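Numbering (UniProt numbering), first residue to last: 1 to 152.
We put the beta carbon where it would ideally sit given N, CA and C, even for glycine.
Note that this is a predicted model, so its numbers are computed, not measured.
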């Protein structure tokens, strides 16, 4: 199937088509679906691991969990409340976390069962794999699109 871009058949020729394709490639890599970056596993799985990993560090309320994920991925992933809050309730139903209301906010913390599960299952934050290899969240994506467009 041939790729169609606004520059196809124009005076800009192949160079402009290459730039168009590079931009489409980059856009696809940063597209967010189901609260998780494209190509980054399933949204629910990533949110679950992110929540457990953050709560293993310290108790947090839901908004802070969202903010921490956004901050630790340098803005590459900001899960929405519709993904985080149901995950918190599911983890509570499973007995892995519990909430205590403080200043009108539910502050979530791991239970003993939650701490055991994190340790036993080796749960790590979805962003940990990149930082362990000396890359930040922006380096996680293949940067080959620009050289293909002749912009290296």
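Can you give me the C-alpha to C-alpha distance between residue i and residue j, rounded to a whole angstrom?
i           : j           : result
residue 24  : residue 17  : 10 angstroms
residue 49  : residue 14  : 43 angstroms
residue 42  : residue 95  : Note that residue 42 scores a pLDDT of 43, beneath 50, so its modelled location is shaky; the value from the coordinates is reported in the next line. Looking at the two C-alpha atoms, the distance is approximately 22 angstroms.
residue 91  : residue 97  : 6 angstroms
residue 93  : residue 47  : 16 angstroms
residue 128 : residue 20  : 32 angstroms
residue 55  : residue 87  : 13 angstroms
residue 79  : residue 89  : 16 angstroms
residue 115 : residue 74  : 27 angstroms
residue 70  : residue 118 : 21 angstroms
residue 103 : residue 58  : 17 angstroms
residue 110 : residue 53  : 10 angstroms
residue 68  : residue 123 : 17 angstroms
residue 60  : residue 22  : 39 angstroms
Determine the closest residue to residue i out of the options, with distance taken between C-alpha atoms.
i           : options         : result
residue 108 : 100, 19, 115    : 100
residue 105 : 128, 85, 48     : 85
residue 125 : 82, 93, 65      : 65
residue 81  : 62, 70, 89      : 62
residue 83  : 127, 71, 74, 51 : 51
What are the boundary residues of the alpha helix (DSSP H) that includes residue i?
i          : result
residue 78 : Looking at the DSSP string, residue 78 is not in any alpha helix (DSSP H), and its letter there is neither H nor E.
Problem - Secondary structure, beta strand (DSSP E): runs of 3+ residues fully inside the UniProt domain "Transcription regulator PadR N-terminal" (51 to 118) - result: Whole beta strand (DSSP E) segments, 3+ residues: 97 to 102, 105 to 110.
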